[in-house]
Amino acid sequence: MAHRVRWLTISIAFVLAALPMAVPSEASAAGPYENLVLDASEAGALGMEVDFITDSSADGNIAVHGHYYGLYPVNNGIYIHFDVKISRLSPTDDFSFDTVTAGCTSCTYPDCGTITPPRRPCYSRKGDGYTNFGVQEIDRNLVSVGGTSVFSTSGLKIVITTDKNDYGITQAIWDDGKRRHDQFANLIAQKVMANYDAQAIALTLTPFSTSYAPGETIVISGNVADSSDSAPLAGASVAVNVAGTPLSATVDGAGDFSVNFAIPGDVGNVGYTVTVTETAPGYPDVTENVGFNVGEIPALSVTVDTDKDGYVAGDTVVIQGGVTDGGAGVPGAAVVVNVSGSSASMTADGSGGYRVEFPIPADTEPSTFNVTVTATGTTSGSATAATTFTVGDVMSVEIETDKDLYLIGDTVYCTVTVKDDSGQPVPGASLDGTATYTDSGRSTQLSGTTDSVGQAPWTFTWGQTPGGDTLAEGKRKFEVTASKSGLPDGTGSILISGCGDKEKAATEDCLDCPEDCTCGPNEVCDPSSDFRNSETMCGPKVAYVFVSNGLSAYHEWWASDDIAGIRKRYSSMGYTVPPSIYVDHINDIAPYLSRPSTKAIAYAGHGEDPGGMPTIEAAEATTGNFSVKAAIAEAGKKDKGFLGICQFGPYAVKWVDSKDKLEKILADRVEHPNLEYVFMFSCYSLDNLSMRDYLLQSGGTYWGYKGKLPGSASLVKSVKP
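Numbering-wise, this note's numbering comes out as the position in the sequence shown, counting from 1, plus 3.
Here you go:
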């Protein structure tokens, strides 16, 4: 006998009310979350030192506090302080850009008043929060430049504060402070995403029997706990919906719940859906689908499915399935497909299959469509199956990078954020992406899943192979498709630029992007050099330069990335010298040292009277530290400089001493990681070409007189290292 078949949809929704959060027993021990902030090595890579890091997390709360400081790269080395506080995000937290700027005028960047540099309040957007950065008066003389960023990542609230006090803040100081503030905030966010897993719910349902009789009462039960330590989430509210019949329960102290459901006496197969939604901070939603059978399986059965779970208005839904009797297809079975009131009739094909297309009207609002299929056999009874599909707006996929332009060897930090049509994060979305170089066409396939706040990170090294070889394959296009059951797919893309992208940007030059000007091991990128290769723009590499003409006293500093000014200045004096850029004052060299493109420094000095020029002792501002920046700071306070007295014997000793210390400056890769060349222009050479020979022997290039010059050659030999 044929049984009547009814499909019942049962949904269970758990709502976790605000309740104390259970934590592992070791949660109160010091340090479980210190890896969310920068350690000493990471801080040192940014030129900062760790002042302190404290982790007072306990009882389910996260409380990490880190404080750092480092020399400000301009304005005589005054310190800048960096502070970070990390805590669990509360549902009452509201630090959105629109909230903090409500009611204020001339307080959003770049419209932050008429004073330059801008003063606080000066707000800009930062993720789901804000940055307030600018100048602030402390008293009538002392001012502060810095600010605060507040935003959230991976369910944690992050507060970044930077501050530097001084007696004069320029736009350059403001710009650099803002850059370092943003850099520090981005690195903290990346560490949180990489090292912190948001808390999640573990839902365990009691297995059902293989079959239930029509009219039987079944028990739907399970357990709700914290996934990290299995602590029961007592007090959680559970809502159960069985085919439109609402039921509810409360999780007890052991984390258990149960509800009873009476199966109608005329059903043949029942399925239900369990949905867990929690409101406690840090717990994302959990959904489980479970089915059970009631009574005997009818002789005739029908299946139904759609080609996707989610659609947008204007799409066409493909509805298909099969009709079987005892497992065998039923050709010619009559099939009626009803989609929310619209019906279509057809006949099953030779294998019992059917297929129909349903066009979604273009003006359809976001909604859920119910699909019911009824099949009638040629010799048996009827069977029914049901499913649903949703129509809504596609998910949005946003891809952000930490910078706009990358140098060779830089780490590119990408963050993919997926949201639904209402702007809410989509956790658990599957990501499939392709990263393709626009010039070479080489591509890499990527995949991942969004975390509890709808985000996923991706990092790679720009412009280098894993072995460190330079790549120049064009820009890199990152395309991502996000998919999740019940939501239409979303796509996003970003085009990443940097050195090697085959396009010259305003911020690029040969020394920023060496692959744009490939040079040999004994060459340097120097398009302005008279000795350059006209095709590669590479000129000879110069380590030391010595010129002399017995002129009146002079001294200049150079810090260069295109080395053009030295040649121009000394050519007018009758010298043949390599190109460079000079600065008018010793302190002016400091800003150049912070530029990645600065590859060379030079000093030119001359004196005629004993004591006429100071010595290189300024480079020893601190014991064992041959920092050019330290030398500059010291030289601004004392009557000291670089070269010694230009008087034969004493001068020879001072010249070798200066050369040794310049070599140590050049070798200091911590203070000057980009410095490759040191030039020294001084007064008298020595007879018998000994100084020239000594320079050439040391690997340098001589750009001085070709004949004998006054001096004492024997002294050079006696003081050489």
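We treat Cβ as the ideally placed atom computed from N, Cα and C, and that holds for glycine. If you're wondering where the values come from, they're calculated on a predicted model, not measured in any experiment.
message: I need the straight-line Cα distance from residue 434 to residue 227, nearest angstrom please.
response: 28 Å
Contact belief for residue 163 with residue 136 at Cβ below 8 Å, rounded distance in angstroms: In fact, because the Cβ distance is near 10 Å, the residues do not count as touching under 8 Å.
message: If I measure Cβ to Cβ from residue 481 and keep anything under 7 Å in the same chain, skipping five residues before and after, which residues do I get?
response: 402, 417, 436, 438, 496, 497 and 499
query: Can we say the segment 82-92 touches the segment 103-123, given the rule of at least three CB pairs closer than 8 Å?
result: no
- request: Could you tell me if residue 130 is buried or exposed, where buried requires 16 or more neighbouring beta carbons within 10 angstroms of its beta carbon?
  value: buried
- prompt: For residue 377, which residues from the same chain have a beta carbon less than 8 Å from its beta carbon, with the 5 sequence-adjacent residues on both sides left out?
  reply: 305, 338, 339, 341, 385, 386 and 387
query: DSSP three-state call for residue 44: helix, strand or coil?
result: helix
query: How is residue 187 classed by DSSP in three states: helix, strand or coil?
result: helix
- prompt: Whose C-alpha, out of 336, 149 and 111, is nearest the C-alpha of residue 182?
  reply: 149
message: Going by DSSP in three states, residue 196 sits in which element: helix, strand or coil?
response: helix
Span separating the alpha-carbon of residue 456 from that of residue 428: 6 Å
- request: Have a look at residue 214 and residue 391 and give me their C-alpha separation to the nearest angstrom.
  value: 25 Å
field: C-beta atoms of residue 421 and residue 398 nearer than 7 Å
entry: yes
query: From 362, 463, 488 and 67, pick the residue whose C-alpha is nearest to that of residue 159; which is it?
result: 67
- prompt: Closest to residue 319 by CA distance: which of 358, 127 and 45 is it?
  reply: 358
task: Under 8 Å Cβ to Cβ from residue 251, same chain only, skipping five residues before and after it: list those, please.
output: 240, 241, 242, 243 and 262
query: What is the DSSP secondary structure of residue 170, counted as helix, strand or coil?
result: coil
task: Pull up the DSSP beta-bridge partners for residue 461, would you.
output: 417
- prompt: Near residue 110, what residues of its chain come up, given a Cβ to Cβ distance below 7 Å and the 5 sequence neighbours on each side ignored?
  reply: 104, 124, 125 and 126
message: Please state whether the Cβ-Cβ distance between residue 38 and residue 189 is less than 7 Å.
response: no
task: Keeping to the same chain, check which residues put their C-beta closer than 6 Å to that of residue 326; ignore five residues upstream and five downstream.
output: 305, 333, 336, 351, 355 and 378
field: Spatially closest choice to residue 504 from 48, 41 and 473, by CA coordinates
entry: 473
- request: Look up residue 88 in the DSSP assignment and give the residues it is bridged to.
  value: 68 and 162
- prompt: Using the C-alpha atoms, what's the distance from residue 266 back to residue 324?
  reply: 27 Å
- prompt: Based on the DSSP output, what are the partners of residue 223 in its beta bridges?
  reply: 262
- request: Excluding the 5 residues preceding and the 5 following residue 1 in the sequence, name in chain order all residues of the same chain whose CB lies nearer than 6 Å to its CB.
  value: An answer regarding residue 1 cannot be provided, because it is not within the stretch 4 to 724 covered by the chain.
query: Can the beta-carbon of residue 471 be found closer than 7 Å to that of residue 411?
result: no
message: With H, G and I counted as helix, E and B as strand and the rest as coil, what does DSSP make of residue 38?
response: helix
- prompt: Using DSSP with H/G/I as helix, E/B as strand and the rest coil, what is residue 393?
  reply: strand
Beta-carbon proximity list for residue 59, same chain, < 6 Å, skipping 5 on both sides: 66
- prompt: Terminal residues of the continuous alpha helix (DSSP H) containing residue 435?
  reply: Looking at the DSSP string, residue 435 is not in any alpha helix (DSSP H); the run it does join, the beta strand (DSSP E), is 433-440.
- prompt: According to DSSP, what are the bridge partners of residue 144?
  reply: DSSP output for residue 144 lists no bridge partner at all.
message: Starting from residue 103, trace the alpha helix (DSSP H) in both directions and tell me its first and last residue.
response: 100-103
Under 7 Å between C-beta atoms of residue 389 and residue 316: no
C-alpha distance - residue 446 paired with residue 485, whole-angstrom precision: 19 Å
field: Extent of the continuous beta strand (DSSP E) run through residue 349
entry: 345-350
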